[in-house]
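For any residue, its number in the numbering used here is found by taking its place in the sequence shown, counting from 1, and adding 1382. Just so it is clear, CB atoms sit at the ideal spot from N, CA and C, and this is done for glycine as well. Keep in mind the model is a prediction, meaning the values are calculated, not measured. Below: one structure, written as structure tokens.
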Amino acid sequence: MIKPVSRCLLLLPALALPALAHAAMPSSAVSNQVSVAGIHADMALDATELEAVHLHLHHVINCLEGPAGKDFDAKAANPCHGMGAGAIVDAKDEPAVESNLLLALKQAEQGAHATTLERAHADAQQVFKLLQRH
């Protein structure tokens, strides 16, 4: 027969699981902004003109950095307006997520400055893959 105290101790790990699962997942603000950024990375992949690839990659940058970001381009629009302060800013308490988003940002910046459609598409593909991790 299990004593009441022992029974409580057996339940503790089960009660902790939802909290641990929540801690491993990005916040909804981060998830929403990453989702929109991923859509624009995909749109960049589908674009047939270099200018269009650049535009969609700027949308990715704007979603990742937010309006206070050093490379935020208001002329390119912000498809994540009102969703948060920028996915990277909002992920500051989630180091693994933040690190991955910084890699995606660097790749998006490279693609936004690429001089050939092929190079821009290659960068957009890497951005898309990095954003799919969320």
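Between residue i and residue j, which are expected to be in contact by the criterion C-beta below 8 angstroms, what is the C-beta distance as a whole number of angstroms?
i, j, result
"Gly1464", "Asp1472", "Contact flag wrong, Cβ pair sits at about 13 angstroms."
"Ala1458", "Asn1444", "6 angstroms"
Does DSSP put residue i in a helix, in a strand, or in coil?
i, result
"His1438", "helix"
"Thr1430", "coil"
"Asp1472", "helix"
"His1503", "helix"
"Cys1445", "helix"
"Lys1511", "helix"
"His1463", "coil"
"Lys1457", "helix"
"Lys1488", "helix"
Please decide whether residue i counts as near chain E, where near means a Cβ-Cβ distance under 9 angstroms.
i, result
"Lys1474", "The question asks about chain E, but that chain is absent: this structure has only one protein chain."
Would the beta-carbon of residue i fall within 9 angstroms of that of residue j?
i, j, result
"His1495", "Ala1426", "no"
"Leu1446", "Gln1415", "yes"
"Val1442", "Ala1478", "no"
"Leu1534", "Ala1423", "The structure shown does not extend to residue 1534, since the chain is modelled only from 1383 through 1516, so no value can be given for it."
"Val1508", "Ala1486", "According to the sequence as given, residue 1508 is Gln; it is not Val. Yes, they are a contact pair."
"Leu1432", "Thr1498", "yes"
"Ala1419", "Gly1448", "no"
"Ile1488", "Glu1480", "A small fix is needed here, since residue 1488 is Lys in this sequence, not Ile. Going by C-beta atoms, Lys1488 is not nearer than 9 angstroms to Glu1480."
"Ala1409", "Glu1476", "It should be pointed out that residue 1409 corresponds to Ser in this sequence rather than to Ala. In this structure, Glu1476 lies closer than 9 angstroms to Ser1409 by Cβ."
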